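Just so you know, the sequence shown maps onto residues 6 to 295 in this note's numbering.
Idealized CB from N, CA, C, for every residue including glycine.
All of these numbers come straight from a predicted model, not from anything done at the bench.
This report concerns only the one structure given below.
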Amino acid sequence: MRTLALPLLLLAGLTAASAQEDERGEGEGRKDDKDRYTLFDPVPDDKRRAYNPDRPGLSHDPTTVDAGHVQIETGGFEYVWDPRGAGEKSTRRWFYAAPTARVGVLNWLELQAGVPTYNVLRETSSDDRTRASGFGDVNVGAKINLLGNDGGDHILALLPNVKIPSAARGLGNDRAEYFLAAPYNYNITKELALTIEPSVAALRNDANTRYRDSYGLIVGLDQTLFKTVVASIEVQSQISSDRKTATTWALSPSVAWFATKDLQLDAGLVVGLNKATPRWDPYVGVSMRF
Numbered sequence: 006m007r008t009l010a011l012p013l014l015l016l017a018g019l020t021a022a023s024a025q026e027d028e029r030g031e032g033e034g035r036k037d038d039k040d041r042y043t044l045f046d047p048v049p050d051d052k053r054r055a056y057n058p059d060r061p062g063l064s065h066d067p068t069t070v071d072a073g074h075v076q077i078e079t080g081g082f083e084y085v086w087d088p089r090g091a092g093e094k095s096t097r098r099w100f101y102a103a104p105t106a107r108v109g110v111l112n113w114l115e116l117q118a119g120v121p122t123y124n125v126l127r128e129t130s131s132d133d134r135t136r137a138s139g140f141g142d143v144n145v146g147a148k149i150n151l152l153g154n155d156g157g158d159h160i161l162a163l164l165p166n167v168k169i170p171s172a173a174r175g176l177g178n179d180r181a182e183y184f185l186a187a188p189y190n191y192n193i194t195k196e197l198a199l200t201i202e203p204s205v206a207a208l209r210n211d212a213n214t215r216y217r218d219s220y221g222l223i224v225g226l227d228q229t230l231f232k233t234v235v236a237s238i239e240v241q242s243q244i245s246s247d248r249k250t251a252t253t254w255a256l257s258p259s260v261a262w263f264a265t266k267d268l269q270l271d272a273g274l275v276v277g278l279n280k281a282t283p284r285w286d287p288y289v290g291v292s293m294r295f
C-alpha cells in the first residue's frame with residue numbers, strides 16, 4: 006500500500022500515548038481525582054462533564070465520554086443526493102437508524118463503534134439503473150483527549166478510526182479504510198466556540214484498485230442561542246493524492262436542542278459547493294447519555 010496515511014496514524018498514536026504519560030507524570034502532586042475512575046468504576050453523575058455529543062455537523066467534539074458511562078448517538082434518517090456521481094450516474098442514498106456507541110474507558114480515553122443498520126443506494130444513468138440495500142460498513146475507533154478534557158478554553162483530541170468492510174453487496178467497496186482526525190476547540194466566549202479539525206485517511210480510489218491518501222479540514226463556529234439550543238456552521242474540504250479524484254467542498258449548517266441534560270435532538274444539512282460534492286445531505290438524529 007503506497008500511502009502516507011498509515012505511517013501518520015501510527016505516529017499519531019505513539020505521540021498521543023507519550024503525551025498522556027507526560028501529563029500523568031507532571032501531575033503526580035496535583036492529580037485530578039477523576040483520573041482514578043475507569044470503565045468498571047464509573048465517574049459519579051455529579052462529576053460528569055457537560056454533555057457534548059459529536060452530533061450534529063461534520064466535526065467531532067474533542068472531549069471524551071466520562072469513564073464508566075455510555076453515549077448512543079444515532080442518525081434517525083439521512084438522505085444524500087449526488088446528481089453527478091461516479092461514472093456520470095445520479096446517486097441517491099438513504100440511511101436509517103445508524104447508531105454510534107461511545108464508551109468511556111479512562112478519564113482521557115473512550116472507545117467507539119458505529120453500526121449502520123439499514124442503507125439504500127440507487128444509481129441511475131441514461132441507460133442503466135441499479136439498487137442495493139442492507140447493512141452498512143461498521144466503523145470502530147477511539148477518542149484520545151490530549152488537552153482540556155475537564156476545563157479550559159483549548160481542547161484537543163485524536164480520533165483514530167477503522168472502517169470494517171461489512172456492507173451488503175453493492176453498498177461498499179469490500180476493503181478496510183483508515184482515518185485519523187484531530188479536533189480542536191477554542192472557546193472564544195461562553196457562547197461562541199471555534200472548531201478546527203484536520204484529518205488524514207487511507208481510502209480506496211474510485212476504481213477500487215489501490216489506496217490513496219485523503220487530507221481534510223473542517224472549520225466551524227458553534228453559537229449558543231439559548232441555554233438549550235446550539236447552532237453551528239461549518240466548511241469542509243477534502244483533497245486526494247489521486248489526481249483523478251477532485252477536491253470536495255461542503256457547507257454544513259446544523260442545530261441541536263438539549264431536551265434534558267442527557268438527551269439531545271438535532272437536525273442539519275450538508276450542501277455541496279462544487280460538482281465533486283454531493284448536492285444535498287439533510288439529516289435528523291438523537292443522542293442519549295447513560
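What's the call for residue i, buried or exposed, on a 16-neighbour Cβ count within 10 Å?
{"i": "residue 30", "result": "Bear in mind that a pLDDT of 44 at residue 30, under 50, signals an unreliable position, so the model cannot answer this."}
{"i": "residue 58", "result": "buried"}
{"i": "residue 157", "result": "exposed"}
{"i": "residue 96", "result": "buried"}
{"i": "residue 117", "result": "buried"}
{"i": "residue 264", "result": "exposed"}
{"i": "residue 4", "result": "Nothing can be reported for residue 4, as the shown portion of the chain is limited to 6 through 295."}
{"i": "residue 36", "result": "Confidence at residue 36 is low in this model, with a pLDDT of 44, below 50, so the placement of that residue should be treated as unreliable; the coordinate-derived value is given next. Counting Cβ neighbours within 10 Å, residue 36 comes out exposed, since fewer than 16 surround it."}
{"i": "residue 42", "result": "buried"}
{"i": "residue 217", "result": "buried"}
{"i": "residue 98", "result": "buried"}
{"i": "residue 149", "result": "buried"}
{"i": "residue 38", "result": "exposed"}
{"i": "residue 66", "result": "buried"}
{"i": "residue 52", "result": "exposed"}
{"i": "residue 172", "result": "buried"}
{"i": "residue 55", "result": "exposed"}
{"i": "residue 49", "result": "exposed"}
{"i": "residue 168", "result": "buried"}
{"i": "residue 290", "result": "buried"}
Taking the alpha-carbon of residue i as reference, which of the options has the nearest alpha-carbon?
{"i": "residue 191", "options": "68, 170 and 171", "result": "68"}
{"i": "residue 267", "options": "42, 74, 62 and 43", "result": "74"}
{"i": "residue 222", "options": "230, 86, 231 and 189", "result": "189"}
{"i": "residue 365", "options": "277, 293 and 294", "result": "In the structure as shown, the chain starts at 6 and stops at 295, and residue 365 therefore has no counterpart that could be examined."}
{"i": "residue 319", "options": "120, 143, 152 and 175", "result": "Nothing in the structure corresponds to residue 319, since the chain is present only between 6 and 295."}
{"i": "residue 235", "options": "270, 123 and 83", "result": "270"}
{"i": "residue 227", "options": "295, 60, 51 and 123", "result": "60"}
{"i": "residue 294", "options": "52, 46, 78 and 47", "result": "78"}
{"i": "residue 76", "options": "110, 51, 62 and 155", "result": "110"}
{"i": "residue 285", "options": "48, 50, 82 and 87", "result": "87"}
{"i": "residue 141", "options": "237, 101 and 258", "result": "101"}
{"i": "residue 229", "options": "204, 259, 250 and 249", "result": "259"}
{"i": "residue 45", "options": "155, 180, 128 and 112", "result": "112"}
{"i": "residue 202", "options": "184, 210 and 194", "result": "184"}
{"i": "residue 115", "options": "159, 83 and 47", "result": "47"}
{"i": "residue 128", "options": "193, 121, 89 and 40", "result": "89"}
{"i": "residue 121", "options": "233, 83, 132 and 135", "result": "83"}
{"i": "residue 232", "options": "262, 123 and 274", "result": "262"}
{"i": "residue 274", "options": "237, 292, 193 and 123", "result": "237"}
{"i": "residue 180", "options": "193, 186, 215 and 205", "result": "215"}
{"i": "residue 194", "options": "186, 206, 159 and 224", "result": "159"}
{"i": "residue 139", "options": "225, 123 and 205", "result": "123"}
{"i": "residue 224", "options": "187, 206, 245 and 135", "result": "187"}
Since residue i contacts residue j with CB under 8 Å, what's their CB separation in whole angstroms?
{"i": "residue 165", "j": "residue 147", "result": "6 Å"}
{"i": "residue 144", "j": "residue 177", "result": "At roughly 12 Å, the Cβ-Cβ gap does not stay under 8 Å, so residue 144 and residue 177 are not in contact."}
{"i": "residue 210", "j": "residue 155", "result": "Not quite, the Cβ-Cβ distance comes to about 42 Å (not below 8 Å), so this is no contact."}
Are the CB atoms of residue i and residue j nearer to each other than 7 Å?
{"i": "residue 219", "j": "residue 243", "result": "yes"}
{"i": "residue 254", "j": "residue 279", "result": "yes"}
{"i": "residue 283", "j": "residue 125", "result": "no"}
{"i": "residue 239", "j": "residue 208", "result": "no"}
{"i": "residue 152", "j": "residue 163", "result": "no"}
{"i": "residue 257", "j": "residue 62", "result": "yes"}
{"i": "residue 94", "j": "residue 130", "result": "yes"}
{"i": "residue 251", "j": "residue 272", "result": "no"}
Q. Does the segment 185 to 205 come within contact of the segment 98 to 111, defined as at least 3 CB pairs closer than 8 Å?
A. No, because fewer than three Cβ pairs between the segment 185 to 205 and the segment 98 to 111 fall closer than 8 Å, the two stretches do not touch.
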